[in-house]
């Protein structure tokens, strides 16, 4: 299961929980109203009267149901808020195990590069005082000057240097992610081609173990117990700590061993 699929399942659960909590909240409020509706408006509890006991019990049930309804309403809003956050993450994020991750990152890089070029162009036109050039981009030179008089920055230009630096950092990060994704894909392809679906990449005293398919839970627990950690599509740890169960898997059909240069 990919990360996107896991998040989609979380989203479904949050939405389901929000719906159930909302329904239970409505039922609790409804129960409180059904009791209150039969009590005349402003009717006090008649102390000493035969109805006193029932009136006090009704008041307690009304209070209890309203409190319960409020708590469940808050719980429903909590789940809805979490669901909105997951939905936003699904819509705006590119996950490394998405089938089209590289294409999506390349498209985002292209969009950010175009945005950066446009920001630089606007800064250049503003510095030159080119009103016509800015007007062609839908901007007004005098409006920009008035706005920058009160701008919270010592740089008096439409886009300060830090905004261009931050955008460049996002571009570099996405390029590095593409390299990492391709590396992971190469490792997984090598594991697929391996006779037993596992490869070992040695680097000094450490080893990376890549499985073509997710192994049994027992194998994963053994790796964790041996101090191995998951990252970049493989399990990494010290060669001397490699569990015997994993070694046995490799010995069955002959695993592929590589060494980083």
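In the numbering used here, the protein residues as written are 4 to 264. Virtual Cβ for every residue (Gly too), placed ideally from N, Cα, C.
Residues that DSSP places opposite residue i in a beta bridge
i: residue 206; result: 209
i: residue 241; result: 209
i: residue 234; result: 237
i: residue 201; result: 214
With 16 other Cβ atoms within 10 Å as the buried cut-off, status of residue i
i: residue 35; result: buried
i: residue 104; result: buried
i: residue 82; result: buried
i: residue 194; result: buried
i: residue 211; result: buried
i: residue 49; result: exposed
i: residue 43; result: exposed
i: residue 213; result: buried
i: residue 240; result: buried
i: residue 68; result: buried
i: residue 128; result: buried
i: residue 1; result: The requested residue 1 is not part of the displayed model; the chain covers only 4 to 264.
i: residue 41; result: exposed
i: residue 21; result: buried
i: residue 202; result: buried
i: residue 79; result: buried
i: residue 198; result: exposed
i: residue 47; result: exposed
i: residue 140; result: exposed
i: residue 4; result: exposed
Neighbourhood of residue i by C-beta, 8 Å cutoff - its chain only, sequence neighbours within 5 removed
i: residue 7; result: 93, 98, 100, 101
i: residue 200; result: 194, 214, 215, 216
i: residue 244; result: 229, 230, 231
i: residue 25; result: 75, 76, 79
i: residue 242; result: 205, 208, 209, 210
i: residue 119; result: 167, 170, 171, 174
i: residue 221; result: 248
i: residue 137; result: 125, 128, 129, 143, 144, 147
Sequence-distant residues of the same chain with beta carbon closer than 7 Å to residue i, five excluded per side
i: residue 130; result: 160
i: residue 246; result: 225, 226, 229
i: residue 252; result: 199, 201
Cβ-based neighbour list, residue i, same chain, cut-off 6 Å, excluding 5 preceding and 5 following
i: residue 71; result: 31
i: residue 38; result: 61, 64, 65
Query - Whole alpha helix (DSSP H) elements within the segment 108-180, 4-residue minimum - result: 134-139, 144-152
Query raised in the report: Do the segment 227-237 and the segment 183-200 touch if we need at least three Cβ pairs shorter than 8 Å?
Result: yes
Query raised in the report: Is it true that the segment 107-115 meets the segment 174-182, where meeting means three or more beta-carbon pairs spaced less than 8 Å apart?
Result: yes
Query raised in the report: Does the segment 74-90 come close enough to the segment 21-30 to have 3 or more Cβ pairs within less than 8 Å?
Result: yes
Query raised in the report: Touching or not, the segment 55-66 and the segment 4-20, by the rule of three or more beta carbon pairs under 8 Å?
Result: no
Requested in this report: Mind the definition here: the segment 160-173 touches the segment 111-124 only if three or more C-beta pairs lie below 8 Å; say whether that holds.
Outcome: yes
Query raised in the report: Curious, which full-length alpha helix (DSSP H) runs of at least 4 residues does the segment 36-107 contain?
Result: 55-95
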